[in-house]
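Going by the working numbering, the sequence shown opens with residue 1, and the numbers climb by one from there.
Quick notes on the structure that follows.
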Amino acid sequence: MSTERATGARTGEQFLDGLRAGGREIWLRGEKIANPLDHPDLHDAALSMARVFDVQHEHAGEMLVPSPADPSLPINVTHVVPRTPEDLVRRRRAIEIVAALSGGTMGRTPDYLNVTFACFAGRADVWARRGNEQGAANLVAYQEYMRDHDLSTTHALMNPQVDRRQAEADQAMGKVALHKVDETDGAIVVRGARMLATLAPFADELLVYPGSDIRPQDGRYALAFAIPIATPGLKFICRDSYSRARDPYDYPLSSRFDEMDAVVIFDDVEIPKERVFLDGDTDGYSEVITDTGWRGHIMHQAFTRAWTKLNFALGLGHMIANATGVVRFDHIQEKLGQVWNMVELSRSALVAAEAGAQVDEGGVCCPDERPFVALRGEMPKWLPRANEYLQLIGGGGYMATPSRADLDGPLREDIDLYFQSAGADAERRIRLFRLAWDFVGSELGGRGELYERFYLSDSWRMTALAYTIADKTLPEALVEQFLED
């Protein structure tokens, strides 16, 4: 770990200073980028990430607490290992504040992995099984470093899709999936690729840890570690940028909140042993998924963010319907009511999960996972459905949206006349419809819908899982009483 002095909760400028240090190998459309602030397709999203760090100081009373290591050092509450239900409620409020900055469209702000590693550190006993005490100690030390330096982190959990008919370790002769190839006195050497590193250009460090089960014979693939983004041999290949230095008036979301996704290539990267949390233990690779309470905590973050996004969708639909006067129609009210149902059921699930929280054997307060398991099957359906309702409410209005250049041009008088609506003047209507289109129909909107469908696995699998793990004692008893003499 670096010996640099702990900063505690960083400001946006401190975050940007980290990006300016350079040393990254980010590839975008064939161009190598060392500093995202120097590239027009990444610059504005970096500034939006800086707002994430500034907002914690603007809401210090809700978002900052003293570090356990140094009471004079303020840290973000999402780094704290929760010990009580009240800790969970406070953490949720901090997540809400961050999610509101983008209307819930940024799904991988740093709080996601802050929550994850606080949970992992709270259950270091699970990581320490079968003689991995040093790996567990490394993880606890890293989480303290991550917490007290307020890192921005990305993660890559899945191996690239080559041939789904085979186990990951067998695909392409085992050369594609991330794996260990060598070891020295001070490091392990890894090779291969992982996906999907969302936020990679704007992260300080990359975290690799288990995302799915692994076979007993695949020990060299059973790895967990953390390394700086600017590590030799580490390359990030990005998808197309959806911002491309667009005017915020025309693309109010795309221009600011494209968090970017990347495939990570490890070209014989050396991982210092003090940064290794798991190496070769295939049983442990599965147990840190099932036995740390990890899923409940990440769903607490994920569904708080999704609840915020549903609220944003409801606000868009409500304001479009009122601006155009279609709110008087029953079928429009029904669509808006459906979105409100999603909002309220999500809120209720979050509250129920916190109210049913229990302290586990490691002393970590874990949300009741049952409401989240239900949401995990439904949310990937709800958010795309909310998009569909917005499309139906706005209709052809999305196609009738002049640009800022048109408003500033010689046709302004015509635009003011012909683009007005019952509840808004032409400029406000245009801005509202452009915002909604960026949410549901632009490249960023399309990426967001795909993200919501799959980032917590596909809905049919999660819905089937909900059935298999559900407690069926009461349902069976209610039926059984009528089957007895």
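Cβ coordinates follow ideal geometry from the N, Cα and C atoms, glycine included.
How close, in whole Å, do the beta carbons of residue i and residue j come, if the pair is a contact with beta carbons under 8 Å?
i: Pro36; j: Ala46; result: 5 Å
i: Ala357; j: Pro371; result: At roughly 11 Å, the Cβ-Cβ gap does not stay under 8 Å, so Ala357 and Pro371 are not in contact.
i: Ile430; j: Thr401; result: 6 Å
i: Gly377; j: Met462; result: 4 Å
i: Val80; j: Val65; result: 6 Å
i: Arg83; j: Cys366; result: Between Cys366 and Arg83 the Cβ distance is about 11 Å, and since that is not below 8 Å, they are no contact.
i: Gly317; j: Tyr389; result: 6 Å
i: Arg447; j: Tyr242; result: 7 Å
i: Val351; j: Leu314; result: Incorrect: roughly 18 Å between the Cβ atoms, too far for contact.
Hey, could you find the ends of the beta strand (DSSP E) residue i is sitting in?
i: Gly192; result: Ala187 to Met195
i: Ala224; result: Leu223 to Pro228
Tell me where the alpha helix (DSSP H) around residue i begins and ends.
i: His59; result: Element bounds for His59: n/a, residue is neither H nor E.
i: Asn138; result: Glu133 to Asp148
i: Leu450; result: Glu443 to Phe454
i: Val115; result: Asp111 to Gly122
i: Ile97; result: Pro85 to Leu101
i: Arg404; result: Arg404 to Leu407
i: Leu310; result: Trp294 to Thr324
i: Met399; result: Met399 -> no alpha helix (DSSP H), and no H or E assigned at all.
i: Thr231; result: Premise fails: Thr231 is in no alpha helix (DSSP H) and is neither H nor E.
i: Pro475; result: Thr473 to Glu480
i: Arg256; result: Ser254 to Phe257
i: Asp17; result: Gly12 to Arg20
i: Ala466; result: Ser459 to Ile469
Below 7 Å CB to CB, which residues in the same chain sit around residue i once its five sequence neighbours on both sides are set aside?
i: Ala69; result: Glu144 and Asp148
i: Arg347; result: Trp307
i: Phe225; result: Val208, Ile271, Arg275, Val276 and Phe277
i: Val305; result: Note that residue 305 corresponds to Arg in the displayed sequence, not to Val. Closer than 7 Å at the Cβ level, and outside the excluded window around Arg305, lie Ile95, Ala99, Gly104 and Gly107.
i: Asp281; result: Arg130, Asn132 and Ala222
i: Gln301; result: Ile95, Asp111, Tyr112 and Val115
i: Ile332; result: Ala321, Val326 and Ile393
i: Val440; result: Asn387, Leu390 and Gln391
i: Asp283; result: Arg130
i: Ile415; result: Pro402, Asp406, Leu407 and Ala426
i: Lys309; result: Gly103, Gly104, Thr105 and Leu383
If we call anything under 8 Å between Cβ atoms a contact, is residue i one with residue j?
i: Pro160; j: Val176; result: yes
i: Ser253; j: Leu444; result: What sits at residue 253 in the sequence shown is Leu, not Ser. For Leu253 and Leu444, yes; Cβs fall inside 8 Å.
i: Met319; j: Leu432; result: yes
i: Met195; j: Ala156; result: yes
i: Gly233; j: Phe266; result: yes
i: Phe15; j: Ser152; result: yes
i: Pro74; j: Ala9; result: yes
i: Ala169; j: Val162; result: no
i: Leu206; j: Ile229; result: yes
i: Met1; j: Tyr142; result: yes
i: Asp368; j: Ala353; result: yes
i: Phe257; j: Trp27; result: no
i: Ser255; j: Asp247; result: yes
i: Thr231; j: Cys119; result: no
i: Gly396; j: Thr324; result: no
i: Arg93; j: Glu62; result: yes
i: Asn76; j: Asp185; result: no
i: Glu452; j: Leu383; result: yes
i: Gly423; j: Gly122; result: no
Just to confirm my understanding: we take residue i, look at its own chain, exclude 5 residues before and 5 after, and list those with CB closer than 6 Å. What are they?
i: Glu270; result: Ala187 and Val189
i: Val181; result: Val189 and Arg191
i: Arg244; result: Asp41
i: Gly18; result: Asp204
i: Leu345; result: none
i: Ala136; result: Ala124, Trp127 and Ala128
i: His39; result: Ile33
i: Leu478; result: none
i: Trp437; result: Tyr398
Mind checking who residue i pairs with in its DSSP beta bridge?
i: Thr154; result: Leu206
i: Phe236; result: Ile26 and Val264
i: Asn76; result: Leu64
i: Gln358; result: Cys366
i: Glu270; result: Val189
i: Ile33; result: Ile26
i: Lys180; result: Val190
i: Ser421; result: Ala424
i: Asp279; result: Leu223
Can you list, in chain order, the residues of its chain whose CB lies under 8 Å from that of residue i, leaving out five sequence neighbours each side?
i: Asp458; result: Pro380
i: Met158; result: Arg194, Met195, Leu196, Gly211 and Ser212
i: Arg51; result: Gly12 and Leu101
i: Arg215; result: Ala167, Ala169 and Thr282
i: Arg404; result: Asp247, Tyr249 and Asp250
Just to confirm, does residue i get its C-beta within under 7 Å of one of the non-hydrogen atoms of the ligand ZN?
i: Gly315; result: Here there are no bound small molecules, and the ligand ZN is not part of this structure.
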